[in-house]
Structure formats: structure tokens, C-alpha cells
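Since the structure comes first, as C-alpha cells, the remarks are kept for the end.
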Amino acid sequence: MFDTLLIANRGEIACRVAATARRMGLRTVAVYSDADAQARHVAECDVAVQIGGAEPRASYLRADAILDAARRSGAKAIHPGYGFLSENEGFAQACADAGIIFVGPPASAIAAMGSKSAAKALMEKAGVPLVPGYHGNNQDPEFLRQQADAIGYPVLIKASAGGGGKGMRIVNTSADFNEALASCKREAASSFGDDRVLIERYLLKPRHIEIQVFADSHGNYVHLFERDCSVQRRHQKVIEEAPAPGMTEERRQAMGDAAIAAARAVGYVGAGTVEFIAEPDGRFYFMEMNTRLQVEHPVTEMITGQDLVEWQLRVAAGEALPLSQEALVLSGHAIEARIYAENPDKGFLPSIGTLETLEFPQHTEFTLGDIRVDGGVRSGDTITPHYDPMIAKLIVHGRDREQARARMLRALSDIRIAGLHTNIAFLRRLMADQAFAEADLDTGLIERRHDNLFPKSGGISDIVLALAAAATLQSQGYLGARALTGPAPTDPWSVADGWRVAGHHTRPLSFLDVDGQAHDVELNCTDRQWSLACHGQRKALEWSAILSQPGRQTLRVRLGDREVSGDVLIHGETLTIFGAGDAQSLKIYDPVTHALDEGPDHGGSLTAPMPGKIIAVSVKAGAVVKSGDVLLVMEAMKMEHTIYSPRDGVVGEVFYQPGDQVSDGTELIAIQDA
Ligand code: MV4
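All you need for my numbering is the position in the sequence shown, starting with 1, plus 6.
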């Protein structure tokens with residue numbers, strides 16, 4: 007085994023690889039960009055080398071700088087993680103040429119699987135099942151239409167050079183074929199510089215099932231069962247699980263055999279994933295092979311008890327596979343959820359900023375356990391627009407799917423994140439969704455269940471306002487239960503607004519929600535009995551502190567006849583309230599201290615939330631828009647983000663056109679009062 011490993015990546019996967027390398031007694035070398043000088047992955051490696059600017063092109067994609075860092079630090083091997091250079095055949099070859107071990111397959115295997123259409127031809131020869139269709143070279147439109155007619159409609163036209171869902175057209179009848187073909191070819195030519203297409207029967211309720219394979223340099227191949235990654239949103243995986251619900255032993259063996267045949271056909275070595283698309287009746291077809299360790303590898307680790315990074319390092323060092331096919335056993339069920347800094351209510355727009363608080367329920371990190379967290383950021387770190395906004399992966403294991411699902415729901419509820427929007431409430435709705443619970447999975451699940459997964463916001467409940475009010479008072483030293491006595495507090499807050507400690511007093515408080523909407527309450531205290539008026543009703547309010555410390559109040563609150571426990575995190579004037587459902591973030595708006603301000607911001611313009619490119623502008627100057635209407639679409643960090651109108655009004659000026667590059671905070675559109 008080599009003694010020093012360079013990890014050519016950042017974030018969660020760099021930390022994941024470092025954890026195993028450390029456990030194996032290896033010296034670890036991190037590389038980092040200017041934006042990552044203080045990043046967690048740097049802190050978790052023995053040595054760190056700066057390789058360039060924040061933009062991936064200027065650092066994590068620079069093969070030369072990374073090889074140089076390896077030479078200078080004495081690293082004998084490079085683990086590329088996922089993304090960045092992990093599937094770059096040029097980099098794999100450059101490592102080989104430099105006498106450094108690339109922890110991944112040979113460059114030739116990356117190349118063979120890199121071209122989707124050439125890979126399909128290879129797979130056909132190797133006896134791996136393909137979707138019925140035409141994958142050949144004849145691109146004559148009339149010929150292709152005849153092929154489509156023979157396949158039977160609906161058919162899917164796919165760009166041969168495509169992948170990840172780009173350049174696909176569904177065609178329902180022969181009459182529509184020519185136009186769809188022309189349009190698909192135009193898109194393929196402009197997106198990939200290659201207008202060749204293939205035609206396939208269009209599968210109506212497909213599932214994404216992938217097989218983890220492993221090969222060593224001695225010609226041994228095994229598979230480590232399957233993962234079901236059907237729950238996706240715009241080709242981004244959201245939930246992954248293993249085993250695939252409904253999988254039979256026969257089908258597993260057939261898919262495992264097909265995956266191994268695929269790997270063999272390209273002389274594969276190391277960890278790889280063969281992706282299949284499966285029909286409701288279980289028939290399956292090869293889609294592509296990912297020649298890297300995947301984001302979702304932990305679910306496989308949880309059901310096999312194996313450390314796949316350790317397997318990768320051993321195989322890279324020339325050792326034989328640690329286990330034979332017969333020795334691999336599948337145990338229990340694992341589910342992974344990707345926790346993102348993003349706002350599901352705003353089209354999953356990435357949420358940029360500081361993670362004021364980041365806490366998970368009791369868990370293991372990067373290794374086996376009922377609740378496992380693989381993360382790459384700490385409390386106090388920032389999520390920047392430079393990189394993927396994933397905060398962590400939460401992985402749970404249970405004896406069966408139901409237990410795993412229950413654990414996931416519970417663990418999601420117990421996460422404490424403040425400072426940013428996250429997708430946690432969305433993930434909870436997904437875990438609780440009837441279709442997901444019944445394992446009625448296919449790649450259309452999130453769209454099909456849209457109304458359940460994106461409920462209309464129900465406003466801020468009385469009980470959340472009661473938690474917010476009680477936490478505010480408790481943090482100022484007031485005690486909330488009638489039975490409790492004690493000296494009245496003296497602190498700056500109570501001085502500012504004229505509190506009286508004895509007798510009868512009334513205090514208005516206002517909480518602003520994330521949209522800047524004010525929620526007014528009125529607190530009253532008479533003879534140590536508090537009451538809270540909100541939404542037009544006054545109710546008795548009592549609370550007791552389970553934990554009371556600066557920045558955090560864990561309270562038991564009773565409002566009228568309702569009682570809840572909740573956690574309130576306090577950062578400056580912002581409260582993040584956990585309890586009584588999803589986390590809510592509210593800003594304390596003290597009418598007294600803000601008396602001279604203009605009041606809550608009603609917003610007159612829209613600014614770019616992050617640097618990116620304008621893709622489409624949906625409105626013209628003078629257009630009447632309603633709150634929630636689509637104004638424009640931006641592309642940033644390889645994702646599309648829709649910008650919605652925050653209110654009713656009239657479009658004043660549109661400052662940018664499709665194709666324009668905009669920086670963070672740029673005003674994009676002005677909205678005026680109607
Ligand atoms: C398909 C399909 C239905 N029928 N092919 C989308 C991405 C690309 N890698 C393959 N994709 C699909 N190919 C046929 N013949 C449906 C999809 C598809 C999909 C596949 C896997 C995972 C998620 C998906 C989401 C939408 C569509």
C-alpha cells in the first residue's frame with residue numbers, strides 16, 4: 007500500500023476519503039482553492055496545498071496544478087472523488103504518465119464509457135440489454151422515422167452525445183416525428199457539437215436502478231447489489247436507497263451479471279456504477295456507466311458492511327478484491343437523503359450564506375451506524391456560489407425499509423440548521439408521502455406528487471408565534487410559568503421599551519417571516535400570568551425552559567390548551583424555531599427600537615441571488631405581474647433557477663437579455679406599483 011494519498015476534491019467527498027485514509031494509516035494531502043483556505047477538508051488532512059482561484063477551472067479542474075501538488079507533497083496516489091476530474095480520461099492518463107496511481111479505472115475504460123452511443127454499441131456486443139430502438143449510424147430522417155414506426159410510439163429521440171436528460175424529445179405519433187427530429191438535432195448540435203441521435207421506445211414509468219460493481223487488476227469482478235435512485239428532480243437525485251424495493255433474487259442476479267459483463271467489456275478496474283432504467287414489470291436496460299465512486303455509495307456500504315473507499319484504495323494499490331461474490335451479503339435497508347442549502351419554495355434556488363448552526367442527532371460520520379452523516383461543512387462555515395450547495399448526506403439503516411424510513415423521518419426532524427434555507431421540510435414531506443411510503447417509485451414521483459410535496463404555505467401558526475415570543479422573553483430573563491418566582495431581570499431590552507416588572511403591562515412584538523411579512527402579537531402580563539394575543543385571539547401563555555443559554559432556548563410552551571416542546575435558535579435578531587412542524591425563521595421586529603425605520607421592506611426590484619447567466623426573460627417592460635409569476639430564468643452552478651415576482655405590480659425596466667452574464671446582487675428587473 008502507498009503511504010501518501012492526495013485527495014483532488016473538496017467538501018463532503020474529500021472528508022469522506024480522508025476519513026478512510028486516516029483509518030488505514032495513510033498520510034493525506036488536501037488541495038484547496040482560494041475560496042476553501044478555511045474549509046473543513048483542509049483541516050482534516052495532514053498537509054494542504056493551495057492550487058488556485060475559486061472558480062473550478064482555476065483550481066479543482068487543473069490537472070497540472072494537482073499533479074504538481076502530488077509531486078511536491080510526495081503523494082503516490084490521487085483520489086479524485088466525484089465530479090471535477092473524476093471522469094476525465096486525460097487526467098487519469100496524465101497520472102499514469104507521471105507514475106502516480108489514479109484511484110479509479112484506466113483511462114481507456116473512462117473513454118469507452120464516455121461516449122454514450124459508442125458505449126451502447128459495445129454493450130450490445132457484450133450482451134447487455136438495451137432499450138429496444140435504433141442506435142446505429144444511419145441518420146437519414148426518413149430512415150429514422152421508419153425505425154420509429156417499427157419500434158412503436160411513443161418513442162424517445164436522444165442526442166447520441168447527450169446525457170443527464172439534455173437533448174431528448176418524446177414523440178407520440180409518426181406525424182410528429184420529423185419536426186421533433188429536426189428540433190432535437192438543432193439542440194444536440196448547439197449543446198454537444200454533434201447532431202447524431204438515437205431512437206428508443208419511450209418507457210412510461212421508468213425506475214433508475216444502478217448496480218455497484220468492483221473489479222481488481224487481477225481480473226476479478228463482483229457486484230455489491232443495487233441502489234434505487236428513482237426519486238429525482240430535474241435529473242438531480244434527491245433520495246437513494248438500497249436494496250431496490252420489490253427486487254427479486256433472480257432479477258438482482260440478472261442485473262448483477264449484466265453489470266459485470268458491462269465492466270468486463272471495457273476492462274474495468276476499481277469502483278463503478280452501471281445505470282439501468284427498469285420497467286414496472288422489472289425488465290431492465292443499460293443506460294450508462296459512471297466510472298467513479300458515486301455520491302450515493304454510502305447506502306451500499308450500509309447494506310454490505312463494506313467500506314468502498316477502502317476497497318478502492320486496496321485495488322488501486324494492486325491488491326485483490328477484499329471479498330468474493332459469495333461472501334458478500336445484503337443486510338437490512340438503507341436510505342440516503344441529500345441535504346441542500348436551497349429553497350424549495352423558490353424553485354430550489356441555492357441559499358448562499360453562513361450556517362449559523364449545524365447540528366445533527368447522534369450519528370456516526372463516514373462509517374457504519376443506524377444514523378450516519380457524511381458532511382463537508384461545519385457550524386459557522388459559509389455556503390458560497392462557487393460550489394455545489396450540498397450541506398451533508400444523511401444516511402440511515404434499518405432492519406427493513408419501514409424502519410429505515412421511520413429513522414429518516416425522525417432524524418430529519420432532529421436536525422438543527424439556522425442561517426440558510428434548506429430542503430429538509432421538503433425531504434420530510436417526501437419521506438412521509440404515501441407514494442414513497444408504499445415504494446410506488448419512478449422517476450416522475452416528485453412531479454406526480456407535486457401538490458402533496460409543495461403544499462400552499464399555511465402562514466405562521468399561533469403555537470410557533472408563542473414559541474418565538476416565549477423564547478424572546480426567556481432570553482431576556484423572564485420566567486414563563488405562574489408558579490415560578492424569582493427576581494425580575496434587568497437587561498438592556500427591558501430598559502429600551504419601558505417594561506414594568508410588577509403589576510400589569512402590555513408589550514407589542516412583531517415577527518417578520520422570510521418574505522418580510524409582519525406577524526404581530528401582543529404580550530400581556532398580569533400578576534405573573536402571561537397571555538398572548540395573535541390572529542385576533544388572546545390565550546394564556548406559560549413556558550418553562552428545558553435548556554436556556556445564549557443563542558438557544560429549548561422550551562416547553564403551553565398556549566391556551568395546546569402544549570409543545572420546541573427549540574429556538576437565536577442569532578442576532580433572527581429566531582429559527584423548531585417544533586410544531588417545519589423549522590420557521592422569524593426576525594424580531596421590535597416596534598420601539600425600529601420606530602424610525604421605514605418598516606418592513608416591500609421590495610421594488612429584483613436582484614440576482616448569485617452570479618450566473620440569464621437564460622430566458624418571460625416579461626417585458628409594462629407587463630402586469632402577480633406575486634409568484636415567472637419573471638426570468640437564470641443558470642448558475644449548472645442549474646436553472648426561476649426568478650419569481652415577489653409581489654403584484656408592473657414591470658418597470660428589464661435590465662438584461664438572455665445570454666447576459668450577471669454578478670451577485672445585480673438588479674435584474676424593476677417592479678413598480680400597478
Ligand atoms: C429514457 C426514459 C424513458 N425511456 N429512455 C433521462 C436521462 C438520461 N440519462 C436517460 N433518461 C431517460 N431515458 C427511454 N427510452 C426516461 C429517462 C428519464 C430518467 C432516467 C433515469 C433517471 C431519471 C430520469 C428522469 C426523467 C427521464
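Using N, Cα and C, we set each Cβ at its ideal position, and we do this for glycine too.
- The beta carbon of HIS303 lies closer than 6 Å to those of LEU314 in the same chain, with the five residues before and after it left out.
- At least one heavy atom of the ligand MV4 lies closer than 7 Å to the C-beta of GLU206.
- Runs of the alpha helix (DSSP H) lying entirely within the stretch 104-185 and spanning at least 4 residues, in chain order: 113-120, 122-131, 147-157.
- The stretch 45-54 makes contact with the stretch 27-37, as at least three CB pairs between them are under 8 Å.
- Counting only the Cα atoms, ARG435 lies some 42 Å from ILE72.
- The C-beta distance from MET261 to ILE309 rounds to 15 Å, too long to meet the 8 Å contact threshold.
- Contact between GLU294 and ALA117 does not hold, since the beta-carbon distance rounds to 14 Å and is not under 8 Å.
- Annotation for THR26: the continuous alpha helix (DSSP H) segment containing it runs 17-29.
- The way I'd put it, the stretch 410-422 does touch the stretch 341-351; three or more beta-carbon pairs between them come closer than 8 Å.
- CA-to-CA, the gap between THR370 and SER467 works out to about 35 Å.
- Around the C-beta of PHE372, 16 or more other C-beta atoms lie within 10 Å, and the residue is accordingly described as buried.
- Taking every protein chain shown into account, the CB of PRO249 has 16 or more other CB atoms within 10 angstroms, so this residue is buried.
- Looking at LEU547, SER463, ALA60, the one whose alpha-carbon comes closest to that of ASP533 is LEU547.
- Along the stretch 562-590, the beta strand (DSSP E) occurs as fully enclosed runs of 3 or more residues at 568-577, 580-584, listed in sequence order.
- When DSSP states are grouped into helix, strand and coil, PHE198 belongs to the helix group.
- Proximity of the stretch 149-167 to the stretch 175-189 meets the contact definition, three or more beta-carbon pairs being nearer than 8 Å.
- HIS214 has its alpha-carbon roughly 15 Å from the corresponding atom of VAL301.
- Rounded to the nearest whole angstrom, the CA to CA distance from LEU355 to ARG455 is 20 Å.
- From the listed residues ILE594, ILE401, GLN590, GLY31, the smallest Cα separation to SER463 is found for GLN590.
- Judged by beta-carbon spacing, GLU61 lies beyond the 8 Å limit of HIS525, meaning their Cβ atoms are not closer than that value.
- The count of Cβ pairs closer than 8 Å, one atom from the stretch 10-22 and one from the stretch 81-89, reaches three, so the stretches are in contact.
- CA-CA distance, LEU581 to GLN482, rounds to 14 Å.
- Between ASP446 and ASN458, the CB-CB gap reaches or exceeds 8 Å.
- Annotated as distal: LEU561 and LEU538, with beta-carbon spacing of 8 Å or more.
- With fewer than three CB-CB distances shorter than 8 Å, the stretch 255-273 does not count as touching the stretch 358-369.
- The three-state reading of DSSP puts LYS191 in helix, counting H, G and I together.
- With a 10 Å radius around the Cβ and a threshold of 16 neighbouring Cβ atoms, ARG22 comes out buried.
- Taking each of ASP387, GLU246, ILE430, SER196 in turn and checking the Cα distance to ALA43, the smallest one comes out for ASP387.
- For ASP526, the enclosing beta strand (DSSP E) has its first and last residue at 524-532.
- Spatial neighbours of VAL237 in its own chain (CB-CB distance under 6 Å, excluding positions within 5 residues in sequence) are listed in chain order as VAL244, ILE245, LEU451.
- For SER554, the CB contacts under 7 Å within the same chain, skipping 5 residues up- and downstream, are GLN480 in chain order.
- Look at ASP380 here: in three-state DSSP terms it is strand.
- Annotation: the stretch 280-329 contains the following complete segments of the alpha helix (DSSP H) (minimum length 4 residues), in chain order: 303-310, 314-322.
- Under the DSSP assignment, THR478 falls in the alpha helix (DSSP H) whose first and last residues are 468-481.
- With a contact defined as Cβ atoms closer than 8 Å, ALA627 and VAL563 miss out at about 49 Å.
- When rounded, the separation of the alpha-carbon atoms in GLU206 and PRO664 is 33 Å.
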